[in-house]
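J.: Next up is a structure, given as structure tokens.
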Amino acid sequence: MRVTRFAACAAVLLAAVAPAATPRLHWPSVHSQVPADPALEARVNRILAGMSLDEKVGQVIQADISSATPDDIRKYKLGSILAGGNSSPGGNEEARPSDWLALVDRYWDAGMSADWHGEKIPLMFGIDAVHGHANVVGATVFPHNIGLGATRDPALIKQIGAVTAEEMAVTGVDWDFSPTIAVPRDDRWGRTYEGYSEDPSVQRLYAPAMVEGLQGKAGTKEFLAPGKVIATVKHFVGDGGTAGGKDQGDNPSSDRAIRDVHGAGYPPAIQAGVQSVMASYSSIRGEKMHGNRSLLTDALKGDMHFDGLVVGDWNGHGQVPGCSTTSCPASLNAGLDMFMAPDSWKGLYDNTLKQVQSGEIPMARLDDAVRRVLRVKLRAGLFREGRPSSRPFGGKFDRLGSPDHRAVARQGVRESLVLLKNNGNLLPLKPQLNLLVAGDGADNIPKQAGGWTITWQGTDIDNSDFPHGESIWSGIRRDVEAAGGHATLSADGSFTAKPDAAIVVFGENPYAEMVGDRPTLEYSPADKKDLELLRKLRAAGVPVVSVFLSGRPLWVNPELNASDAFVAAFLPGSEGGGVADVLFRKANGAINHDFHGRLSFSWPKRGDQGPLNVGDKGYDPLFRFGFGLRYADKRELGHLSEIRPPRSSTGADGLYFARGATPPGWSLAPSGGASVRSIDRHGQEDTRLVTFTGDGEQAFTLTAAQPLDLSRETNGQLSLLVDYRVDQKPAAPVYIGLDQTRLRVSGALAATGHWQTLALPLGCFAHAGADMTKISRPFSIGTAGKMQIAISDIRIASATGPQDKCAW
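The numbering of the sequence shown is our numbering, which starts it at 267 and goes up by one.
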């Protein structure tokens, strides 16, 4: 008894002196403009009451077309299917629009022919239409969000959303995983171009505009009417503020910064009636968002009264502590309403069913999730609209890339261009001149479109994949020739007769997500061919206009110094003619279109200057947020410092050996008697020629300065890529390894005398037992027989196509 009294007294004393728990920071109390609909809610309840448990579990799972067939949909009655970044009809990323529509029809038919206990529930088909319906050949491809942020034109943003929705409806797709309303605060992040701005005020302006464009205005007859689609704001929340710009990383910001900076676009989007929110891969101070109840449930569904559905990101639930991709009750209990389980859906279905039966997932939580899914489907008209091809816009393929849609995209290009330098008022050019158009981006629509274009990374495509598109070169040639001038395309800048001026189009090659993460903001640190081209033209006395393609602000001081005029074009999409609209005067000498764009991201004066955001302490950019010259401006840009930032010693840029160099502290050396010497490929001694003598096991090994964690890259389906040329065929099996794990590659080395690229998925090494969290030797090639092989580049990147397999 005395022990009990003492314990009670102690508890009272501790309660009296202990600090009070920090109250949760509340988010704005907002309400959707979608009117209450008692009849719809009553129908949701009737449908829910007639569903079996297995049908309810099916509704909260979304699979990818690459791993779930229509028969699977019929059997498991899944709530949704998606076509991920590298998924397409029959695995053909260049499939026709009619193939897309037929595919959506097949999945819809399967769902509606299932043996339902009560009312049949239609399937939702989702896709990442992040800058137009760009997964589909022939669709209109708009500038990426970084460029749209420079337009400061919410009316245009709404138009772009409306065009995207209509083109999606043509192929029968219901659900767009867009817009991204992240606020990128570290431009090293590979998804920077998916954000409108570093300043949350732009997201507050654009989020409701894009939502209304995609869905229609809430409270009117156009809301989710035919030709409209379900919008998704993403990624909730904080993905733009991860430490070091690391994709899927950790955001260390305070709760107030998470709400007021990174979450700024969510309240207005919810007010505009957005029906879906996607949870972020990233963490906040160590807690994965896919398991964050305080934000997914308390803030999003409580404070902001969001009554739509919360969908996960690609297997993001598997990153929650204690979870795997096939089992994660913590995510559903935290507030996720639909798992995005592209290839893990079957195991997840089985485990979720068991977890509800055991009570680990409360039935009330499952019912709430299903109720939200049904509510969105009913609001979107999926129960009444019928088969996708039978809907009002289904199969109207002439609307894909139609002239009026392309005109909206071309306006977006014109308004997004930002003039950073115009010394001597070189621009606007007279179209009657003799012009040279140079650079590898000039006649390259994939490069000007960037990632998330037909393929996930925007690679392995060419101009023929844009039947309605126009390269920057094509637009220039049309305008110049129409005015009586002359334009010559020469990618390398060579010419016979000296031109009056040169327009050089260059910049970043396409990338998406983690592939685009960079350790510094220096443009192309391993390859200076673009700078060499600019300097060559300037040395020849040719005035140079640079058109720079990029998904982020970059340190380009040397390139700026080598240019008379410099245009930040970002990633303009399929309508390259919009660039020519601004660069040239009319034939009569009048200005055609002045520059309109203003920077939505600050531009660095040093390559190591990041994070760099307006309002930060010590803010000192080269070009400030909001900067953008007009033709009337007479400002001259002086010579800029060209001191380069040090290259990362971690290999964080994915370049392990390029242009003859490795990161500081790394080594690339033979062993066992093999010999190596430097030879030329692109430049002086930029390649290693390795000779294996056949006197026992020999190797050529790359060793990192410190162990690498390649787990993210492995999960992201990236590959080890090696550029090589076989000069002497191997006489014995050849292996490529990561640490002690080796894959046989002899079959890839049969052809001699020409350069090839070998692509080995990192997942192959993981499945063979490599510990991808601690890789000390990220590349080795070895054999016991004779062989001679030249190696010029070793890197981690995305790879697709027939080489993308585990062994040869």
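Virtual Cβ for every residue (Gly too), placed ideally from N, Cα, C.
Buried or exposed: where does ALA302 fall if 16 or more other Cβ atoms within 10 Å of its Cβ makes it buried?
T.: In the sequence shown, counting from the first residue as 1, residue 302 sits at position 36. ALA302 should be labelled exposed.
J.: Could you pull out every residue in the same chain whose Cβ sits closer than 6 Å to the Cβ of ARG784, ignoring the five residues on either side in sequence?
T.: Numbered from 1 along the sequence shown, position 518 holds the residue referred to as residue 784. ARG454 and ASP919.
J.: What ranges does the beta strand (DSSP E) occupy inside the region 671-707, keeping only unbroken runs of at least 3 residues that lie completely in it?
T.: 684-688 and 700-704
J.: Cutting at 6 Å between CB atoms, please list the residues of its own chain near ALA778, excluding the five before and the five after it.
T.: Position 512 of the sequence shown, counted from the first residue, corresponds to residue 778. Excluding positions up to five away in sequence, the list reads GLY717, TRP718, TRP722 and GLN723.
J.: Grouping DSSP H, G and I as helix and E and B as strand, with all else coil, what is SER812?
T.: Taking the sequence shown and counting its residues from 1, the one referred to as residue 812 is at position 546. Correct three-state label for SER812: strand.
J.: Spell out the partners DSSP gives ASP516 in its beta bridges.
T.: Working through the sequence shown from its first residue, we reach residue 516 at position 250. According to DSSP, residue pairing for ASP516 in a beta bridge involves SER549.
J.: What are the complete beta strand (DSSP E) segments, minimum 3 residues, inside the region 877-952?
T.: 921-924, 933-937 and 941-945
J.: Nearest to GLU385 by CA position, among SER816, THR1007 and ILE313, is which residue?
T.: Sequence index remark: in the sequence shown, residue 385 carries index 119 (1-based). Looking from the CA of GLU385, the closest CA among SER816, THR1007 and ILE313 belongs to ILE313.
J.: Have a look at VAL781 and TRP382 and give me their C-alpha separation to the nearest angstrom.
T.: In the sequence shown, residue 781 corresponds to position 515, counting from 1. In the sequence shown, residue 382 corresponds to position 116, counting from 1. Distance between the alpha carbons of VAL781 and TRP382: 43 Å.
J.: If contact is defined by three or more beta carbon pairs under 8 Å, each pair taking one atom from either stretch, is the region 659-666 in contact with the region 399-413?
T.: yes
J.: Suppose the cutoff is 7 Å on Cβ atoms and the five residues either side in sequence are ignored; what does the same chain contact list for VAL269 look like?
T.: The residue labelled residue 269 in the question sits at position 3 within the sequence shown. Note that VAL269 scores 35 on pLDDT, short of 50, meaning its location in the model is unreliable and no value can be drawn from it.
J.: Three or more beta-carbon pairs under 8 Å between the region 467-477 and the region 544-552, yes or no?
T.: The region 467-477 is not in contact with the region 544-552.
J.: Are three or more beta carbon pairs between the region 521-536 and the region 592-607 nearer than 8 Å?
T.: no
J.: Candidates GLU553, ILE727, ARG743 and ALA834: which alpha carbon is nearest ASP505's?
T.: For the purposes of this step, residue 505 is taken as the residue at position 239 of the sequence shown. When C-alpha distances from ASP505 are compared across GLU553, ILE727, ARG743 and ALA834, the shortest belongs to GLU553.
J.: Which of the three DSSP states, helix, strand or coil, is assigned to VAL403?
T.: Within the sequence shown, the letter at position 137 stands for residue 403. Coil, per DSSP.
J.: Measuring CB to CB, does LEU686 end up less than 9 Å from PHE836?
T.: The residue given as residue 686 occupies position 420 in the sequence shown. The residue given as residue 836 occupies position 570 in the sequence shown. It is not a contact, given that the beta carbons lie outside the stated cut-off.
J.: I'd like to know whether the C-beta atoms of GLN1022 and TYR1001 end up nearer to each other than 9 Å.
T.: Numbered from 1 along the sequence shown, position 756 holds the residue referred to as residue 1022. Numbered from 1 along the sequence shown, position 735 holds the residue referred to as residue 1001. No, the Cβ-Cβ distance between GLN1022 and TYR1001 is not below 9 Å.
J.: Sort out for me which residues DSSP pairs HIS752 with in a bridge.
T.: Counted from its first residue, the sequence shown places residue 752 at position 486. Partner(s): ASN700.
J.: Going by the beta-carbon positions, is the gap between TYR897 and ASN688 smaller than 9 Å?
T.: Residue 897 sits at position 631 when you count from the first residue of the sequence shown. Residue 688 sits at position 422 when you count from the first residue of the sequence shown. The Cβ-Cβ distance between TYR897 and ASN688 falls below 9 Å.
J.: Tell me which residues share the same chain as ILE1057 and place their Cβ nearer than 6 Å to its Cβ, disregarding the 5 neighbours each side in the sequence.
T.: For the purposes of this step, residue 1057 is taken as the residue at position 791 of the sequence shown. Same-chain partners within the cutoff: ARG954 and TYR990.
J.: Going by DSSP in three states, LYS233 sits in which element: helix, strand or coil?
T.: Residue 233 lies beyond the range of the chain shown here (267 to 1074); nothing can be said about it.
J.: Would you call the region 488-507 in contact with the region 969-986, where contact means no fewer than 3 C-beta pairs closer than 8 Å?
T.: no
J.: Classify LYS1040: buried if its beta carbon has 16 or more other beta carbons within 10 angstroms, exposed otherwise.
T.: Against the sequence shown, residue 1040 aligns to sequence position 774. By the neighbour-count rule (16 or more Cβ atoms within 10 Å), LYS1040 is not buried but exposed.
J.: So the alpha helix (DSSP H) TYR789 belongs to, where does it begin and stop?
T.: The residue given as residue 789 occupies position 523 in the sequence shown. Careful: TYR789 lies outside any alpha helix (DSSP H) and carries neither H nor E.
J.: Using 8 Å as the cut-off, classify the Cβ of ALA768 as near or not near the heavy atoms of the ligand MN, replying yes or no.
T.: In the structure shown, the ligand MN is absent, as is every other ligand, since no ligand is present at all.
J.: Looking only at its chain, what residues have a beta carbon closer than 7 Å to the beta carbon of PHE649, apart from the 5 residues adjacent to it on each side?
T.: One-based indexing of the sequence shown puts residue 649 at position 383. These residues qualify, in order along the chain: PRO388 and LYS643.
J.: Does the Cβ-Cβ distance between LEU921 and LEU693 come in under 9 Å?
T.: Indexing the sequence shown from 1 puts residue 921 at position 655. Indexing the sequence shown from 1 puts residue 693 at position 427. Their beta carbons are not under 9 Å apart, which means LEU921 does not touch LEU693 by this criterion.
J.: Counting beta carbon pairs with one atom in the region 550-569 and one in the region 289-297, are three or more of them shorter than 8 Å?
T.: yes
J.: So the alpha helix (DSSP H) VAL845 belongs to, where does it begin and stop?
T.: Taking the sequence shown and counting its residues from 1, one reaches residue 845 at position 579. Run containing VAL845: 843-849, per the alpha helix (DSSP H) assignment.
J.: Take the Cβ of ILE857 as the centre, count every other Cβ of all protein chains shown within 10 Å, and call the residue buried at 16 or more, exposed below.
T.: To locate residue 857, count along the sequence shown from 1; it is residue 591. ILE857 is exposed by the Cβ-count criterion.
J.: With the cut-off set at 9 Å, would you say ILE536 and LYS500 are in Cβ contact?
T.: Here residue 536 corresponds to residue number 270 of the sequence shown, with the count starting at 1. Here residue 500 corresponds to residue number 234 of the sequence shown, with the count starting at 1. In this structure, LYS500 does not lie closer than 9 Å to ILE536 by Cβ.
J.: Going by DSSP, which residues form a beta bridge with PHE772?
T.: Start at 1 with the first residue of the sequence shown, and residue 772 comes out as number 506. According to DSSP, which records beta bridges pairwise, PHE772 is partnered with PHE814.
J.: Unbroken alpha helix (DSSP H) runs of length 4 or more, entirely within the region 951-1000: which are they?
T.: The qualifying runs are 977-981.
J.: To the nearest angstrom, how far is the alpha carbon of LEU903 from that of LYS871?
T.: What you label residue 903 is simply residue 637 of the sequence shown in a count that begins at 1. What you label residue 871 is simply residue 605 of the sequence shown in a count that begins at 1. Taking the straight line joining both Cα atoms gives about 13 Å.
J.: In this structure, does DSSP put VAL543 in helix, strand or coil?
T.: For this step, residue 543 is matched to residue 277 along the sequence shown. Under the three-state reduction of DSSP, VAL543 is assigned to strand.
J.: For ASP330, which beta-bridge partners are listed by DSSP?
T.: Translated into the one-based positions of the sequence shown, residue 330 becomes position 64. Answer by DSSP bridge pairing, in chain order: LEU348.
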